[in-house]
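Chemist: Take the sequence shown: its position 10, counted from the start at 1, is 15 in our numbering, and no numbers get skipped. The C-beta atom is built at its ideal place from N, Cα and C for all residues, glycine as well.
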Amino acid sequence: MTGILKVDTIQKNDGTVPTLADLGISNEVPRFEVRLNQDQTGITDMTTFVVPFNVTDIDTETGFDGDRTYTIQVAGTYLLHASALLYGNEGKNRDSHLGILKSTDGGSSYSSIANDGSRHGGTYDQTSQTHNVIVMHQFDVGDKIQVWSMVNTGDSSGWRVQASSSPIVNYGIGWIDNGTRYTRFSGLKIA
Numbered sequence: 006m007t008g009i010l011k012v013d014t015i016q017k018n019d020g021t022v023p024t025l026a027d028l029g030i031s032n033e034v035p036r037f038e039v040r041l042n043q044d045q046t047g048i049t050d051m052t053t054f055v056v057p058f059n060v061t062d063i064d065t066e067t068g069f070d071g072d073r074t075y076t077i078q079v080a081g082t083y084l085l086h087a088s089a090l091l092y093g094n095e096g097k098n099r100d101s102h103l104g105i106l107k108s109t110d111g112g113s114s115y116s117s118i119a120n121d122g123s124r125h126g127g128t129y130d131q132t133s134q135t136h137n138v139i140v141m142h143q144f145d146v147g148d149k150i151q152v153w154s155m156v157n158t159g160d161s162s163g164w165r166v167q168a169s170s171s172p173i174v175n176y177g178i179g180w181i182d183n184g185t186r187y188t189r190f191s192g193l194k195i196a
């Protein structure tokens, strides 16, 4: 393919101006952001639970299956962030964990690439814990990613994944609209 390079214009053979795609340049960086908009309740104590994100806010490569799994469509290094608010029923959250897991075999098995956990123990049990996991990781096309969670209530009661906080909270400095979406998962290709 030949073209004419002018001082103020790049022109294709047919006289049209090339697009970024014509030049092999993409201005669309692969990225996704999904969230949970409904609490997941009645989860059995000490059970590993794959968080079912049911709202897709951004998915430039259509890699999210609309429920639990994101499949990498463009290989590269991604910056990932997962957060979740984990509640123990009856005010019991002795241990809680959140992790980002990867499968390289089509989803048959997963291994942890990053996690966050906390132990409260004894009389210091917490009602809830918000966990955040941030990691940079190299992925190949077809790799699958999920977010897993677990709570040990200390008394075998169940637990839940909270979608968001209450809309108004008083932090002693005035009322703040805190309609935060606690449980979310996002990724951005950075290299």
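1) Kindly indicate which residue of Gln-167, Thr-132, Ile-139, Ser-133 has the alpha-carbon position closest to the one of Gly-83.
2) Just the Cα atoms here: how many angstroms apart are Glu-66 and Val-79?
3) Quick check on Asn-137: does DSSP put it in helix, strand or coil?
4) Have a look at the DSSP bridge pairing and note the partners of His-203.
5) Return the CA-CA distance between Met-100 and Asp-27, expressed in angstroms with no decimal places.
6) Could you tell me whether the Cβ atoms of Leu-41 and Ala-119 are closer together than 9 angstroms?
7) Mapping DSSP to helix, strand and coil, what is Gly-68?
8) Checking 9 angstroms against the spacing of the C-beta atoms, do Asp-50 and Val-166 come in under that value?
9) Is Gln-143 near Gly-81, with beta carbons less than 9 angstroms apart?
10) Comparing alpha-carbon positions, which option in Phe-69, Pro-57, Gly-47 lies nearest Arg-36?
11) Please say whether Asn-98 and Trp-164 have beta carbons closer to each other than 9 angstroms?
Modeler: In short, the structure shows the following:
1) Per the sequence shown, residue 83 should be read as Tyr rather than Gly. Comparing Cα-Cα distances from Tyr-83 to each of Gln-167, Thr-132, Ile-139, Ser-133, the minimum goes to Ile-139.
2) Distance between the alpha carbons of Glu-66 and Val-79: 8 angstroms.
3) In the three-state DSSP reduction, Asn-137 falls in the strand class (E or B).
4) There is simply no residue 203 to check, as the chain begins at 6 and stops at 196 in what is shown.
5) The question names Met, but residue 100 is Asp in the sequence shown. So the alpha carbons of these two residues sit roughly 53 angstroms apart.
6) No; because the gap between Cβ atoms is not below 9 angstroms, this pair is not in contact.
7) Correct three-state label for Gly-68: coil.
8) Contact: no.
9) Taking 9 angstroms as the Cβ cut-off, Gln-143 and Gly-81 qualify as a contacting pair.
10) Considering only Phe-69, Pro-57, Gly-47, the residue with the shortest C-alpha distance to Arg-36 is Phe-69.
11) Closer than 9 angstroms, so yes.
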